[in-house]
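K.L.:
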């Protein structure tokens, strides 16, 4: 093994501390060129020189704290990204380098006057220690922790915060952590108790120290052997923690408390009543800053729910304690903060209501309790709470009840219990359609949508169903709020979808059912769909077309008498200049996609005899959409929908579609043959069980960013758009081949067969399935 060059041999002037400190100053410059030059300068130093120089900058007096903090962060990142430079060098030299670096960092942890520097130095010190080839409980970082834990006092707050953090980071070493926590776990618990006792009514430094203490405690519990007797003694901290939370209900402390409840379900055992009393008090309070206030309430609710759901057997036996939590959660479901004008101005139903975070969090938590406890008594308790809320005079409580009912209907485990009371649910929803509050009308319609999505039916139409449809159409006809119109259209679409046939013959209704519903279909078209197809609100227009599409599908040949109007609407929407339309309309793709879906539904419903005059024009426009999508100016969903529509129109046309194959074939084959990227930028192993992951869409690529506890990132890129387009293209080839039958030109047939055969051996199972199907 070659010896690792020493700093002196690489730089006759000694360690490059002065140069590094100049670079640290430059890295904080607002000038990009200056920052880039300083990054390049640091990158030019061998790691063997850079580590001691950065460590010296962290420790040295007179260096600004911002530069010391930055030096510690850079040191840790350099170890993570450039470790291979010294990994295979002489082990003795490598350990000497790490020991020298570690001593400087530990000195900064103990002696720096800045808490920010102490914490970043602790992170870096743990990273350096983990790189040592041999580690033990006698090493300097552990020895420092042990001496501090043995002291009767907490010591200076910022130093204590850094030492709690150091303990936490040292426990990331899976080999040492069980021994470290078993040896020092009891002492850590005493130190945590001191931090909580001294933190009562303290300022930000006290809160930071308590948070670090609780984080260390969570890590300690996670690392202790399951048979350790220390675990039981940690429960003694619960009353002390609750008393602190009563005085200092900060989000950071609640988050750590939630982690404790999830990691160590026994922690709050025997204290659930006090915990729920605390949560009720916090949720019922009103601060000056509504946003920050809601953040605290949300994490407080999370603590209570985690404590209950982490011990499901106990919770099922103590539903009297669970009930107050459910009541608080239900109440929060109606705590909406935005005014109705702001709420009504929302452009898209799928966009998040950022201003109503607490209500959304409460809904999610209430359904989580129902799911985790999986108990009929819990569901009945929730339904009873909804009933009592609906009996009150407060419209916000009505809103909470309807929102909760909708959320329960969307969950598989709880939907059956709500459906058992469907008559009562429909009655309360219809009653709220007369409310002067648009939000309440929307919530009632949303609840009906969720109910209709879950209901399975067959046979003739009941009087109750006719009454429901009449009320929906009446509400939609009289509605003036765009958001309520959208939700009303969705409810009508869900209603009629339930009556479509589910067989190979198509989705058209049974003739007897159609005879019962035909007057309502005509009323829906004349009073809702036709007027709203010209709405100035883009999503209302989309949903009106979507309802028209559903009605066309379930009506079948009966829809011929409405064909001319709706084909006119399709022509108007699909006659635009696609590239220009997509640039000028924020949600142009969605509107075009809906129009294309509707066109396909029309073609299927009315048949070739009626559709024939418009078929060539529609195919030409669909080919143009394919061209635009191929240029990358539209999303994959529009391309896939357009391909499906081409297949539907070709099926209706049969052999008459043959002249269009030369225009369609090159585009479809290009989609079939396109390469699907799946780029693993780094091994996913860097993301541990405590890693966080987020997905972002960039063009046609989905990127998954995984960040581990130390801040290291792994990026995985998958061209999900290409997968979607490939599958749609393969389905279209199958549809076209079936439509034109034996009249397909031999050269085209050979080319298609080769493309499909190649994909049958593809990398993705989803693509192989389509190719083989």
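In this note's numbering, the protein residues as written are 235 to 1007.
Don't be surprised by glycine CBs; every beta carbon is placed ideally from N, CA and C.
Keep in mind that this is a model prediction, so the values were computed, not measured.
1) Within 10 angstroms of the Cβ of residue 240, are there 16 or more other Cβ atoms? Answer buried if so, exposed if not.
2) So, are the CB atoms of residue 538 and residue 510 less than 8 Å apart?
3) Does the distance from the CB of residue 688 to the CB of residue 648 come in under 8 Å?
4) What residue does the alpha helix (DSSP H) around residue 987 start on, and which one ends it?
5) Would you grab the beta carbon distance between residue 849 and residue 887 for me? Rounded to a whole angstrom, and I think it's under 8 Å.
6) Would you list, in sequence order, the uninterrupted beta strand (DSSP E) runs of no fewer than 3 residues that lie entirely inside the segment 709-734?
7) Does DSSP classify residue 695 as helix, strand or coil?
8) Secondary structure at residue 877, three-state DSSP: helix, strand or coil?
9) With distances taken from CA atoms, which of 871, 875, 864, 880 is nearest residue 853?
10) Contact between the segment 325-332 and the segment 289-304: three or more CB pairs below 8 Å?
11) Hey, could you find the ends of the alpha helix (DSSP H) residue 401 is sitting in?
12) Let me check understanding here. Comparing Cα to Cα, which of 540, 692, 528, 477 lies closest to residue 571?
13) For residue 701, does the three-state DSSP call read helix, strand or coil?
14) Pick from 502, 497, 492, 715: whose alpha carbon is nearest that of residue 1014?
15) Pop quiz: residue 359 and residue 383 are said to be a contact at Cβ under 8 Å. What is the actual Cβ separation, rounded to whole angstroms?
16) Should the segment 581-598 be regarded as contacting the segment 618-630, the criterion being three or more beta carbon pairs within less than 8 Å?
17) So is residue 278 buried or exposed if we call it buried at 16+ other beta carbons inside 10 Å?
18) In terms of residues, what are the limits of the alpha helix (DSSP H) holding residue 810?
19) Can you tell me which of the three DSSP states residue 828 falls into?
20) Contact check, residue 293 vs residue 356 under 8 Å by CB: the rounded distance?
21) Give the range of the alpha helix (DSSP H) segment to which residue 509 is assigned.
22) Determine the extent of the alpha helix (DSSP H) in which residue 317 is found, giving its start and end residues.
23) Who are the Cβ neighbours of residue 441 in its own chain at under 8 Å, not counting the five residues just before and after it?
24) Taking only three categories from DSSP, how would you classify residue 636?
25) Just how far apart, CA to CA, sit residue 601 and residue 501?
26) Quick one: what's got a C-beta closer than 8 Å to residue 373's C-beta in the same chain, skipping five residues either side?
27) Given this structure, state the Cα-to-Cα distance separating residue 874 from residue 793, to the nearest angstrom.
28) Grab the span of the alpha helix (DSSP H) containing residue 297 for me, first residue to last.
29) Residues in the same chain with beta-carbon distance under 7 Å from residue 281, minus the five sequence neighbours each way, listed in chain order, please.
30) Does the distance from the CB of residue 611 to the CB of residue 553 come in under 8 Å?
31) Between residue 263 and the rest of its own chain, which residues show a CB-CB distance below 6 Å, the 5 nearest in sequence each way excluded?
32) Is residue 231 helix, strand or coil when you go by DSSP?
33) Hey, residue 420 and residue 467 are a contact pair by Cβ (cut 8 Å); roughly how many whole angstroms apart?
34) So residue 891 and residue 973 are in contact, right, with Cβ under 8 Å, and what is the actual spacing, rounded?
P.N.:
Working from what's here:
1) Within the chain shown, residue 240 is the residue found at index 6, counting from 1. At residue 240, the pLDDT of 37 sits below 50, so the modelled position is not reliable; the number obtained from the coordinates is stated separately. By the 10 Å Cβ count, residue 240 comes out exposed.
2) Against the chain shown, residue 538 aligns to sequence position 304. Against the chain shown, residue 510 aligns to sequence position 276. Cβ atoms of residue 538 and residue 510: closer than 8 Å.
3) The residue given as residue 688 occupies position 454 in the chain shown. The residue given as residue 648 occupies position 414 in the chain shown. Result no, Cβ atoms of residue 688 and residue 648 do not sit closer than 8 Å.
4) Residue numbering aside, residue 987 sits at position 753 when the chain shown is read from its first letter. Counting along the chain, the alpha helix (DSSP H) containing residue 987 begins and ends at 980-993.
5) Walking along the chain shown from the start, residue 849 turns up at place 615. Walking along the chain shown from the start, residue 887 turns up at place 653. So it is a contact: roughly 5 Å between Cβ atoms.
6) Entirely contained in the segment 709-734, not one beta strand (DSSP E) run reaches 3 residues.
7) Numbered from 1 along the chain shown, position 461 holds the residue referred to as residue 695. Residue 695: coil per DSSP, three-state reduction.
8) One-based indexing of the chain shown puts residue 877 at position 643. Looking at residue 877 - three-state DSSP - the assignment turns out to be helix.
9) Mapped onto the chain shown, residue 853 falls at position 619. Comparing Cα positions, the closest option is 880.
10) no
11) Mapped onto the chain shown, residue 401 falls at position 167. Element bounds for residue 401: 391-404.
12) Translated into positions along the chain shown, residue 571 becomes position 337. Checked all of 540, 692, 528, 477; the closest Cα to residue 571 is 528.
13) As a position in the chain shown, residue 701 is number 467, starting the count at 1. In the structure shown, residue 701 sits in a helix (DSSP, three-state: H, G or I).
14) Outside the shown range of the chain (235 to 1007) lies residue 1014, about which nothing can therefore be said.
15) Within the chain shown, numbered from 1, the residue matching residue 359 stands at position 125. Within the chain shown, numbered from 1, the residue matching residue 383 stands at position 149. The pair is not a contact, with the Cβ atoms about 17 Å apart (cut-off 8 Å).
16) no
17) Here residue 278 is taken as the residue at index 44 of the chain shown, counted from 1. That one is exposed.
18) The residue you call residue 810 lines up with position 576 of the chain shown. Unbroken run through residue 810: none, as it is neither H nor E.
19) For the purposes of this step, residue 828 is taken as residue 594 along the chain shown, with counting starting at 1. Three-state DSSP puts residue 828 in a helix.
20) For the purposes of this step, residue 293 is taken as residue 59 along the chain shown, with counting starting at 1. For the purposes of this step, residue 356 is taken as residue 122 along the chain shown, with counting starting at 1. Contact doesn't hold; Cβ gap of about 13 Å is too wide.
21) One-based indexing of the chain shown puts residue 509 at position 275. Residues 506-518.
22) Sequence index remark: in the chain shown, residue 317 carries index 83 (1-based). DSSP places residue 317 outside any alpha helix (DSSP H), giving it a letter other than H or E.
23) As a position in the chain shown, residue 441 is number 207, starting the count at 1. Result list for residue 441: 433, 482, 484, 486, 487, in chain order.
24) Along the chain shown, read from residue 1 onward, the residue named residue 636 stands at position 402. Three-state DSSP puts residue 636 in a helix.
25) Taking the first residue of the chain shown as 1, we reach residue 601 at position 367. Taking the first residue of the chain shown as 1, we reach residue 501 at position 267. Roughly 23 Å between the two C-alpha positions.
26) Residue numbering aside, residue 373 sits at position 139 when the chain shown is read from its first letter. Counting only Cβ-Cβ distances below 8 Å, and skipping sequence neighbours, we find 363, 366.
27) Locating residue 874 in the chain shown gives position 640, where the first residue counts as 1. Locating residue 793 in the chain shown gives position 559, where the first residue counts as 1. Looking at the two C-alpha atoms, the distance is approximately 26 Å.
28) Residue 297 sits at position 63 when you count from the first residue of the chain shown. Note, residue 297: premise wrong, no alpha helix (DSSP H); not H, not E.
29) By 1-based counting over the chain shown, the position of residue 281 is 47. Scanning its chain for C-beta atoms nearer than 7 Å, with the 5 sequence neighbours on each side dropped, one finds around residue 281 the residues 312, 316, 319, 320, in chain order.
30) Counting from 1 along the chain shown, the entry for residue 611 is found at position 377. Counting from 1 along the chain shown, the entry for residue 553 is found at position 319. In this structure, residue 553 lies closer than 8 Å to residue 611 by Cβ.
31) Here residue 263 refers to the residue found at position 29 of the chain shown. Answer for residue 263: 269, listed in chain order.
32) The displayed coordinates of the chain run from 235 to 1007. Any statement about residue 231 would go beyond what the structure contains.
33) Here residue 420 corresponds to residue number 186 of the chain shown, with the count starting at 1. Here residue 467 corresponds to residue number 233 of the chain shown, with the count starting at 1. Indeed, because the Cβ distance is near 7 Å, the residues count as touching under 8 Å.
34) Locating residue 891 in the chain shown gives position 657, where the first residue counts as 1. Locating residue 973 in the chain shown gives position 739, where the first residue counts as 1. Yes, they are in contact, since the Cβ atoms of residue 891 and residue 973 sit about 6 Å apart, within 8 Å.
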